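Residue numbers (my numbering): 1259 to 1505.
Note that the Cβ used here is the ideal one computed from N, Cα and C, for glycine as well.
Keep in mind that this is a model prediction, so the values were computed, not measured.
Everything on this sheet refers to the single structure shown next.
Have a look at this one:
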């Protein structure tokens, strides 16, 4: 598709960001989106020529967790569901699937790495959370539409069991303060690095409230915060510095 200046585009997205009151329940972020371009080309034929319109569309999306305290089973279960979803549509071996889509490009392993790479704060040399999946530039076909629908349908089943396990657990004021500090990193990423925020604010009349609605409702910032050695906070930070494979 020869996209050129003057072509028109349309974009649509559905996004859910759930910030939790309890620091023992991770923040959940997810979205699916479509980007469509319409281009016209001038043809010359025996009838005098004319213009032909062509369209091309791509899907994107994913889901990820930002925990404040690590419960390894919760993170493993979440990633296992994401992997099962991806494997059902894109074989890890790269065989099968939609001819229009490179299955290796959209395997769970690739989407997990994409997620780790995208939600990264270079100034801090740390990742925002423990990842999940992230995909973009997926050619729109009936098969990739089915995958994108399945992605959206997997969101709450992958997160609500974690909520059920942790929602009634007691937490301390210190744990709540740590959550607010980590939420500050979440906002740093949104304001400094997130492509969606930049895209949303680049319009002539941006919907600022709509773009910023994914921000945490309350954050904290502390100069040169020191993490106690051997603490659960330190264990989390080690994972955020060097992501691991959960499944």
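Residue 1288 bridges to which residues according to DSSP? 1274, 1321
When you compare the CB positions of residue 1292 and residue 1398, do they come within less than 8 Å of one another, or not? yes
For residue 1434, which of 1282, 1262, 1264 has the nearest alpha-carbon? 1282
Is the beta carbon of residue 1385 sitting closer than 8 Å to the one on residue 1504? no
Cα-Cα separation, residue 1448 to residue 1455: 7 Å
Here's the rule I'm using: 16 or more other beta-carbon atoms within 10 Å means buried, otherwise exposed. How should residue 1425 be labelled? exposed
Do the segment 1436-1453 and the segment 1471-1482 meet, that is, are 3 or more Cβ pairs less than 8 Å apart? yes
From residue 1404 to residue 1492, what does the alpha carbon distance come to, in whole angstroms? 40 Å
In whole angstroms, give me the CA-to-CA distance for residue 1374 and residue 1443. 15 Å
Could you pull out every residue in the same chain whose Cβ sits closer than 6 Å to the Cβ of residue 1494, ignoring the five residues on either side in sequence? 1328
From which residue to which residue does the alpha helix (DSSP H) around residue 1364 run? Here residue 1364 belongs to no alpha helix (DSSP H), and DSSP marks it neither H nor E.
Nearest-angstrom beta carbon gap, residue 1340 and residue 1416 [assumed within contact, 8 Å]: 7 Å
Cα separation between residue 1309 and residue 1268? 20 Å
Round the Cβ separation of residue 1466 and residue 1459 to the nearest angstrom and send it over; I've been treating them as touching at under 8 Å. 7 Å
Note down, in chain order, each residue of its chain lying with its Cβ closer than 8 Å to the Cβ of residue 1486, except the 5 sequence neighbours on either side. 1492
How many Å lie between residue 1362 and residue 1344 at the Cα? 11 Å
Short check: CB of residue 1409 to CB of residue 1402, under 8 Å? no
If I follow the unbroken beta strand (DSSP E) through residue 1394, where does it start and stop? 1389-1397
Buried or exposed: which applies to residue 1369, given that a residue is buried once 16 or more other Cβ atoms fall within 10 Å of its Cβ? buried
Excluding sequence positions up to five away, which residues of its chain have a Cβ less than 7 Å from the Cβ of residue 1319? 1289, 1290, 1291, 1393, 1406, 1409
Please list the terminal residues of the continuous alpha helix (DSSP H) segment that includes residue 1412. 1400-1424
Under three-state DSSP, which class holds residue 1294? strand
For residue 1490, the first and last residue of its enclosing alpha helix (DSSP H): 1490-1499
N-terminal and C-terminal residue of the alpha helix (DSSP H) that residue 1342 is part of: 1330-1347
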